[in-house]
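>
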Amino acid sequence: MARDRGKSKDPDVSVGMIGLGCAKNLVDGEVMLGFLQRDGVTITSDATQADVVIVNTCGFITEAKTESLDAILEVAEARRQGAVKRLVVAGCMVQAYANEMQQEIPEIDAFVGLDQLERIIEAVRGEGDGSLPDQHGAVRLYDHSQPRLLSTQGHAFLKVAEGCNNPCTFCHIPAMRGRYRSRRLGDLVADARRLEKAGVKELVLIAQDTTRYGEDLDLGKEGLRRLVESILESTSIPWIRFLYAYPATLDEGLFDLMAAESRFLSYLDIPLQHADRTVLKAMKRGGDADSFRKMIDHARAKVPDLTVRTTFIVGFPGEGETEFATLEHFAEEIRFDHMGAFTYSWQEENPGSELDDPVPQGIKVERLERLMELQQPISQELNQQQVGRLLPALIEGPLEEMELLTAARLERQAPEIDGRLLINDGTAPAGSLVEVKITEAHPYDLVGTMTRIIDGAPERVGLPVLG
């Protein structure tokens with residue numbers, strides 16, 4: 141943490157959080173809010189009305205860092221004008237850049253590192269010794285005994301591990317979040333049980349490399365499968381899925397489990413990053429289009445209704461037209477159900493910052509547009525195949541842009557990263573499982589009508605607090 145000025149000892153102090161970045165960061169934010177709620181602090185969903193604002197930052201790529209800094213500077217201006225009493229900065233950027241931010245943005249009252257989540261109370265109240273977090277890879281490991289204020293309804297993320305051991309040259313995450321460390325299987329099962337008691341209908345298992353789970357616990361390559369089997373046996377949560385598979389650590393037995401267990405959703409999120417062997421070697425990823433094709437074909441053969449999602453990086457150093465053409469051909473051939481892509485982001489801290497043959501920004505953007513234009517008709521056609529089907533869906537709530545519509549998701553749509561189902565006839569409380577008939581298809585979203593409620597949401601006021 142830093143600075144000890146502007147103390148807020150009022151027990152009725154209100155706190156708002158601006159959460160940025162990935163689902164792993166979202167869980168960290170929920171844990172910090174859980175500590176604050178347990179301490180009697182008032183939590184507001186509108187950060188503009190809060191006495192104290194926490195900016196939970198992301199440092200993955202340049203655009204994410206820019207978004208985080210913009211949010212910090214906006215709150216810093218409100219701090220100067222007296223509209224905000226304290227500004228607290230947390231998240232990945234603190235782990236890497238706390239010293240620089242302390243010097244450049246004096247309005248920041250406190251920093252909370254990735255190893256210091258429980259110290260959020262001191263940061264908000266202006267207590268503590270004012271020390272900055274250590275600038276090294278984090279070592280903390282969350283456990284189910286810690287409080288957590290869920291910010292989602294119906295679904296929740298279960299972080300199965302922290303850190304990462306992969307040496308990807310485009311990524312700075314291992315330096316910030318530390319070495320890979322799995323949570324104990326029993327602790328995760330206990331966490332899944334308390335999430336079920338809170339009304340969670342969809343459990344999403346996440347980590348930087350989710351399929352590596354248990355390797356450091358002597359569970360071998362079957363660690364994630366054993367965890368999913370234990371959660372299936374110990375809970376009745378209707379939907380269970382995992383995100384962030386890594387090709388080298390993917391256990392084929394997971395597909396056998398998907399085929400056998402309907403509650404373990406037939407969904408594979410596997411960020412491949414590229415398909416050209418030379419580019420992947422420069423990324424220190426390994427694999428190529430042929431090996432990835434065989435892997436996906438094998439998975440689809442075992443799980444015929446498998447939904448496959450991936451993410452690609454375009455414009456990595458050394459990617460010429462030939463290498464990009466390999467990626468285009470691969471994406472067209474595989475026909476991913478969902479595909480995300482972004483341009484390579486040069487960062488001095490990344491292991492690949494000194495690679496030769498950089499790709500000009502204009503070419504990066506042009507290639508990104510080409511790749512997404514290639515994917516759009518594929519997504520449209522695959523979505524069109526859903527029209528006329530009766531399918532289960534999880535209600536998220538009224539659509540913010542048009543409250544006459546209800547937002548929901550199908551089993552083939554993961555939270556926050558895929559498209560949504562828009563229900564234009566019928567509704568149910570957020571967190572309900574319903575049956576819908578699909579009536580329209582668009583490139584990324586579907587439209588449908590509700591036919592019945594399968595499993596209603598529990599009645600509650602506000603979001604659940606765990607612990």
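Quick note on the working numbering: the sequence shown kicks off at 141 and runs consecutively.
Just so you know, even glycine gets a beta-carbon here, dropped at the ideal spot from N, CA and C.
All of these numbers come straight from a predicted model, not from anything done at the bench.
Closest to Arg612 by CA distance: which of Gly161, Asp477, Thr462, Lys504 is it?
Limits of the chain in this structure are 141 at one end and 607 at the other, which puts residue 612 out of reach.
> Can the beta-carbon of Gln235 be found less than 9 Å from the beta-carbon of Cys304?
In this structure, Cys304 does not lie closer than 9 Å to Gln235 by Cβ.
> So, helix, strand or coil for Ser148, using DSSP?
Residue placement at Ser148 cannot be trusted, given a pLDDT of 44 that sits under 50; what the coordinates show is reported in the next sentence. Correct three-state label for Ser148: coil.
> Curious, which full-length alpha helix (DSSP H) runs of at least 4 residues does the stretch 223 to 259 contain?
Counting only runs of 4 or more, we get 232 to 244.
> Going straight from the alpha carbon of Phe395 to that of Lys442, what length do you get?
Taking the straight line from one Cα to the other gives about 6 Å.
> Please classify Ala439: is it buried, with 16 or more other beta-carbons within 10 angstroms of its beta-carbon, or exposed?
Flag for Ala439 reads buried.
> Helix, strand or coil, according to DSSP, for Gln515 in the structure here?
Three-state result, Gln515: helix.
> Beta strand (DSSP E) containing Val329: first to last residue?
Note, Val329: premise wrong, no beta strand (DSSP E); alpha helix (DSSP H) at 325 to 337.
> Kindly give me the distance between the Cβ atoms of Val193 and Leu176, rounded to whole angstroms, as I take these residues to be in contact under 8 Å.
With 8 Å as the limit, Val193 and Leu176 do not qualify as a contact, their Cβ atoms being about 12 Å apart.
> Using a Cβ distance threshold of 8 Å, determine whether the stretch 160 to 172 contacts the stretch 182 to 199, with at least three qualifying pairs required.
With a cut-off of 8 Å, the stretch 182 to 199 and the stretch 160 to 172 count as touching, because enough Cβ pairs lie within range.
> Terminal residues of the continuous alpha helix (DSSP H) containing Ser185?
Counting along the chain, Ser185 falls outside any alpha helix (DSSP H), and DSSP gives it neither H nor E.
> In whole angstroms, give me the CA-to-CA distance for Ala471 and Leu408.
Cα to Cα, the separation comes out at about 16 Å.
> What is the residue span of the beta strand (DSSP E) that Asn196 lies within?
Per DSSP, Asn196 belongs to the beta strand (DSSP E) from 192 to 197.
> The beta strand (DSSP E) with Asn564 in it runs from where to where?
561 to 565 is the extent of the beta strand (DSSP E) around Asn564.
> For Ser485, which option in Thr202, Leu530, Gly159, Gln189 has the closest C-alpha, if you only look at C-alpha atoms?
Ranking the options by Cα distance to Ser485, first place goes to Thr202.
> Taking the beta carbon of Asp110 as the centre, do at least 16 other beta carbons fall within 10 Å, making it buried, or is it exposed?
Look at the range of the chain in this structure, 141 to 607, and you will see that residue 110 is not part of it.
> Assuming contact is defined by CB atoms lying nearer than 9 Å, are Leu298 and Leu257 in contact in what I supplied?
No, they are not a contact pair.
> From Gly326 to Leu420, what distance separates their C-alpha atoms?
One C-alpha to the other measures close to 36 Å.
> Give the secondary structure of His469 by DSSP, where H, G and I count as helix, E and B as strand, and everything else as coil.
If DSSP states are grouped into helix, strand and coil, His469 belongs with the helices.
> Quick check on this structure: which residue in Gly339, Leu514, Gly159 has the alpha carbon closest to the alpha carbon of Ala481?
Looking at the Cα atoms, Leu514 is the closest of the given residues.
> So, is Arg381 buried or exposed, given that buried needs 16 or more other C-beta atoms within 10 angstroms?
Arg381 should be labelled buried.
> Taking the straight line between their C-alpha atoms, what separation do you get for Leu412 and Lys225?
Cα to Cα, Leu412 sits roughly 44 Å from Lys225.
> So Arg321 and Leu281 are supposed to be a Cβ contact under 8 Å. How far apart are they, rounded?
So it is a contact: roughly 6 Å between Cβ atoms.
> Quick check on the DSSP output: the beta strand (DSSP E) that includes Asp595 runs from which residue to which?
It spans 586 to 595 - the beta strand (DSSP E) in which Asp595 sits, taken as one unbroken run.
> Can you tell which of Glu461, Glu362, Leu173 has the C-alpha that lies nearest to the C-alpha of Thr351?
Comparing Cα-Cα distances from Thr351 to each of Glu461, Glu362, Leu173, the minimum goes to Glu362.
> Grab the span of the alpha helix (DSSP H) containing Gly480 for me, first residue to last.
Not the alpha helix (DSSP H): Gly480 falls in the beta strand (DSSP E), residues 478 to 483.
> Note down, in chain order, each residue of its chain lying with its Cβ closer than 6 Å to the Cβ of Val527, except the 5 sequence neighbours on either side.
Here the set comprises Ile578, Ala581.
> Let's see if you can read the secondary structure: which residues bound the alpha helix (DSSP H) around Phe200?
Here Phe200 belongs to no alpha helix (DSSP H), and DSSP marks it neither H nor E.
> In three-state DSSP terms, what is Asp210?
It is helical.
> Assign Pro246 to buried or exposed, taking buried as 16 or more other Cβ atoms, counted over all protein chains shown, within 10 Å of its Cβ.
It counts as exposed.
> Helix, strand or coil for Ala142? Go by DSSP, reduced to three states.
Note on Ala142: pLDDT 43, under 50, position unreliable in the model; no value is reported.
> Indicate the three-state DSSP secondary structure (helix, strand or coil) for Leu281 in the structure shown.
In this structure, Leu281 counts as coil in the three-state DSSP scheme.
> What does the alpha-carbon distance come out to for the pair Val587 and Leu562?
Computed Cα separation, rounded: 5 Å.
> In whole angstroms, what is the alpha-carbon distance linking Ser402 and Pro500?
Each residue's Cα considered, the two are about 46 Å apart.
> Please report the distance separating the alpha-carbon of Arg259 from that of Ile593.
C-alpha separation (whole angstroms): 43 Å.
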